[in-house]
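Student: Just dropping this structure here.
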Amino acid sequence: MLVNAVLKFNDVIKNKIPTILCKIKLPVLINMAANVSVKTSRDRKLNFTAVESNLISELATTHLELLQGKHSPEVTNAKKQEMWKEITSKVNALGVCLRTETEVRNRWRNLTRGAKQKFTTVQKERAQTGGGPPPTQPSQEPPQKKPKKKTADDVYSLQCQVLERKLIKTNLQIQLYERLHSKLDDNLTTGLLSFLEQ
Numbered sequence: 001m002l003v004n005a006v007l008k009f010n011d012v013i014k015n016k017i018p019t020i021l022c023k024i025k026l027p028v029l030i031n032m033a034a035n036v037s038v039k040t041s042r043d044r045k046l047n048f049t050a051v052e053s054n055l056i057s058e059l060a061t062t063h064l065e066l067l068q069g070k071h072s073p074e075v076t077n078a079k080k081q082e083m084w085k086e087i088t089s090k091v092n093a094l095g096v097c098l099r100t101e102t103e104v105r106n107r108w109r110n111l112t113r114g115a116k117q118k119f120t121t122v123q124k125e126r127a128q129t130g131g132g133p134p135p136t137q138p139s140q141e142p143p144q145k146k147p148k149k150k151t152a153d154d155v156y157s158l159q160c161q162v163l164e165r166k167l168i169k170t171n172l173q174i175q176l177y178e179r180l181h182s183k184l185d186d187n188l189t190t191g192l193l194s195f196l197e198q
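Shown next, in the form of structure tokens:
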């Protein structure tokens, strides 16, 4: 009896809900998953090489008054943008990767930010009192990077080098065996001749 009542209630609900929804006129959400854009993986550019970073820092420091100067008749935003375009074109002339102007600017900002952080840590260490180890001096060289992981091409080239060395070794062994064989042949022929002569 309870089961029959539940089934009747479900039938009534199924019939009444579409008519109620039509009267309310709520916005209908149809398959929201289809409307969501599919995220694709972004193609990454190569990291800035040391040559590119050095060129950016060299060019930016030579034109530092223009790039970081305050607005004046000699220093305008148009001149700054033109200088960044020139720096970007010189970086792109290296042929490592095609960089945009904003990427070069961001690289310069990151380089200066890292130098400022090193400088402030040294200043903080100098201001400390008490014992302990002496403060570390900031170095002019960039920090050493971790070595890259070996790729399949690297492993293949190492295997080729090992095989080439084995080939050289076996060629040397063959030459040595040929020399020994020729000496043995010479010794045998002389020994046979002397035996036959007796």
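Numbering of the sequence shown is given in UniProt numbering, commencing with residue 1 and proceeding in unit increments.
For glycine and all other residues, C-beta sits at the position ideal for the given N, C-alpha and C.
(1) So, using beta-carbon positions, are residue 104 and residue 87 closer together than 8 angstroms?
(2) Across the segment 49–58 and the segment 89–96, are there enough close Cβ pairs to call them in contact, namely three or more that are closer than 8 angstroms?
(3) DSSP three-state call for residue 169: helix, strand or coil?
(4) Residue 48 lies in the alpha helix (DSSP H); which residues open and close that run?
(5) What's the call for residue 119, buried or exposed, on a 16-neighbour Cβ count within 10 Å?
(6) What residue range is occupied by the uninterrupted alpha helix (DSSP H) comprising residue 122?
(7) What number of angstroms, rounded off, separates the C-alpha of residue 176 from the C-alpha of residue 183?
(8) Helix, strand or coil: how does DSSP classify residue 41 here?
(9) Return yes when the Cβ of residue 97 is within less than 8 angstroms of the Cβ of residue 46, no when it is not.
(10) Starting from residue 89, trace the alpha helix (DSSP H) in both directions and tell me its first and last residue.
(11) For residue 68, report the span of its alpha helix (DSSP H) as first-last.
(12) Can you look up residue 164 in the DSSP assignment and give me helix, strand or coil?
Tutor: On the basis of the coordinates in this document:
(1) yes
(2) As far as the Cβ criterion goes, the segment 49–58 touches the segment 89–96, which means the pair count is three or higher.
(3) Here residue 169 sits in helix by DSSP.
(4) Unbroken run through residue 48: none, as it is neither H nor E.
(5) exposed
(6) For residue 122, the uninterrupted alpha helix (DSSP H) segment begins and ends at 101–127.
(7) C-alpha separation (whole angstroms): 11 angstroms.
(8) coil
(9) For residue 46 and residue 97, yes; Cβs fall inside 8 angstroms.
(10) 77–93
(11) 64–68
(12) helix
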